[in-house]
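Heads up, the final residue of the sequence shown is numbered 272 in our numbering, and it's a clean run with no missing numbers. This report concerns only the one structure given below.
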Amino acid sequence: MIESGKTYVVMGLLDAESLAYTIGKTIARMGGKVIHTVQSEVFKRRFLDSSKQLTDEERAGLDLRYCDITKPEQVEAVFAGMTGLGGVVHSIAYANPKTCLGEEFHTDAIDDITLSHHISCVSLATLARYAVPAMTGGGAIVSMTFDTSHVYPHYNWMGVQKAALEALVRALARRHGRDRVRVNAVSAGPLWTKAASKIPGFGELTKVWNANSPLPWNTRDDKQAVANAVVFLLGPYSEKITGQILAVDGGAAVMGGPRLAHEMANSEPRDA
Ligand SMILES: NC(=O)c1ccc[n+]([C@@H]2O[C@H](COP(=O)([O-])OP(=O)(O)OC[C@H]3O[C@@H](n4cnc5c(N)ncnc54)[C@H](O)[C@@H]3O)[C@@H](O)[C@H]2O)c1
1 MIESGKTYVV
11 MGLLDAESLA
21 YTIGKTIARM
31 GGKVIHTVQS
41 EVFKRRFLDS
51 SKQLTDEERA
61 GLDLRYCDIT
71 KPEQVEAVFA
81 GMTGLGGVVH
91 SIAYANPKTC
101 LGEEFHTDAI
111 DDITLSHHIS
121 CVSLATLARY
131 AVPAMTGGGA
141 IVSMTFDTSH
151 VYPHYNWMGV
161 QKAALEALVR
171 ALARRHGRDR
181 VRVNAVSAGP
191 LWTKAASKIP
201 GFGELTKVWN
211 ANSPLPWNTR
221 DDKQAVANAV
231 VFLLGPYSEK
241 ITGQILAVDG
251 GAAVMGGPRL
261 AHEMANSEPR
271 DA
C-alpha cells in the first residue's frame, strides 16, 4: 500500500523486537526502499548487533543512519539532499522508568520530564521541519502513540507525553497540508519491545488488555497488524486522511470495562 520504488525513513530502530523493525520489513516487502535511523553507534553495537533474531545477512541488508532526535543538526543531516521522499515513521519515545513511570506519579525530576517530552513529543516537530522539504511530491509522517483516553497505572508521565504528541500530530497536519504532507499516528495496543519491558507493570497491563479487547490481542504477534496500519497511513490509500489517531489495539481502548463471560468465544477459558 506504499508507493513501490519510493524511499521511506523509519526512525527508532533498536533491535529486531522494535516496532520500527516490523514496519521497515513491511515497507520493504511492498517494494519500498527503507532507511532506518538508530539513536547512536553505541546503541547499534549494544542492541542491534547482539539481536539474536537477526541473521548476519538481515543485519547487513539494513540501510542505517545514526540520529539522536534531540540534536537538530543530526535530524537535518538524515534528510539533507533527499528529494522525492515518500514518508517518515517516528517510532521514538523515552521516559526514565525510575522517575517518570511506576507506582508514584509525583516526582522532583523535572529535568527527566522535560527530556521525555523532548524525545517523545517535540521531536516529531523537529523531524517534520527537516523531512518535509525532502517530500518534494508530497508525503506522509506517521508517529506511534498509546491510548490517551484512559489513565493507566505506572504509565504516568509517558501518558502525558502521548497526549501532547497527539495534539502535535493535529497541529502538524494543519501546518503541512499546504506542503501536501499528511501527519497521523497509530495508537497501538501493548506489544513486547525493549521500551515496553522498561514500563513497570507492563505484564499486568497486557492482562487488562486481553480482558477488555473484543478481538484477541497478542502482545508479540500483533506487531504486524500495527505495521500494516502504519503502511496504510504512509501510502496513497489514505490520501485524504490527516491529523488522525488510528487505534490498532483489538478494540480494547473504547470498551467500558472487561468482557463478561457471555461475551467471550466458546474456546476461551472462563472463570468458573
Ligand atoms: N511497545 C508498545 O506496547 C507500544 C504501544 C504503543 C506505542 N508504542 C510506541 O512505539 C514507539 C516505538 O517503541 P517500541 O515499543 O518499538 O520500543 P523500542 O525500544 O524498540 O523503540 C524505542 C526507540 O526510541 C529510541 N529513542 C529514544 N531516545 C531517542 C533519542 N534521543 N534519539 C533517537 N531515538 C531515541 C530508542 O533508541 C528506540 O530505538 C514509541 O513511540 C512507543 O511509545 C509502543
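Cβ atoms here follow ideal geometry from the backbone N, Cα and C, with glycine treated the same way.
- Between the alpha carbons of Ile-35 and Leu-260 lies a gap of roughly 45 Å.
- The residue among Val-78, Arg-180, Gly-250 with its C-alpha nearest the C-alpha of Asn-210 is Gly-250.
- Cα atoms of Asn-212 and Val-248: separation of roughly 14 Å, rounded to the nearest angstrom.
- A direct Cα-Cα distance of roughly 43 Å separates Thr-206 from Gly-81.
- Per DSSP, His-117 lies in no beta strand (DSSP E); the unbroken alpha helix (DSSP H) holding it starts and ends at 110-117.
- DSSP places His-90 in the uninterrupted beta strand (DSSP E) bounded by 87-90.
- Counted as a single uninterrupted DSSP element, the stretch harbouring Ile-2 is not any beta strand (DSSP E), since DSSP gives it neither H nor E.
- With a cut-off of 6 Å, the C-beta of Asp-147 is classified as distant from ligand 1, since no heavy atom of the ligand falls inside that distance.
- Put simply, the residues with a CB less than 5 Å from any heavy atom of ligand 1 are Gly-12, Leu-14, Ser-18, Leu-19, Gln-39, Asp-68, Ile-69, Thr-70, Ser-91, Ile-92, Ala-93, Tyr-94, Ile-119, Met-144, Phe-146, Ala-188, Pro-190, Leu-191, Thr-193, Lys-194, Ala-195, Ala-196, in chain order.
- Ser-123 and Ala-95 do not touch by the CB rule: their CB atoms are close to 13 Å apart, not below 8 Å.
- The three-state secondary structure of Tyr-66, taken from DSSP, is strand.
- Taking the Cβ atoms as the reference, Val-186 lies roughly 6 Å from Val-226, within the contact range of under 8 Å.
- By the neighbour-count criterion, in which a residue is buried when 16 or more other Cβ atoms sit within 10 angstroms of its Cβ, Ala-140 is buried.
- Rounded to whole angstroms, the Cβ separation of Tyr-66 and Glu-41 is 6 Å, and the two are in contact under 8 Å.
- When the Cα atoms are used, Ile-110 and Asp-49 turn out to be separated by approximately 34 Å.
- Residues Gly-243 of the same chain have their beta carbon placed closer than 6 Å to that of Arg-170, with the five preceding and five following residues left out of the count.
- With contacts defined as CB atoms closer than 7 Å, Val-75 and Thr-126 qualify as a contacting pair.
- The residues Thr-22, Thr-26, in chain order, have a CB closer than 8 Å to that of Gln-224 in the same chain once the five nearest residues on each side in sequence are set aside.
- Nearest to Arg-46 by alpha-carbon distance, out of Ala-60, Asp-179, Leu-14, is Leu-14.
- Taking a cut-off of 8 Å for Cβ pairs, the segment 154-168 and the segment 131-146 touch, as three or more such pairs fall below it.
- With distances taken between CA atoms, Gln-39 lies nearest to Leu-64 out of Leu-64, Ile-199, Gly-87, Leu-234.
- Counting only the Cα atoms, Ala-253 lies some 8 Å from Gly-189.
- Following the DSSP letters along the chain, one finds Ala-131 inside the alpha helix (DSSP H) bounded by residues 123-131.
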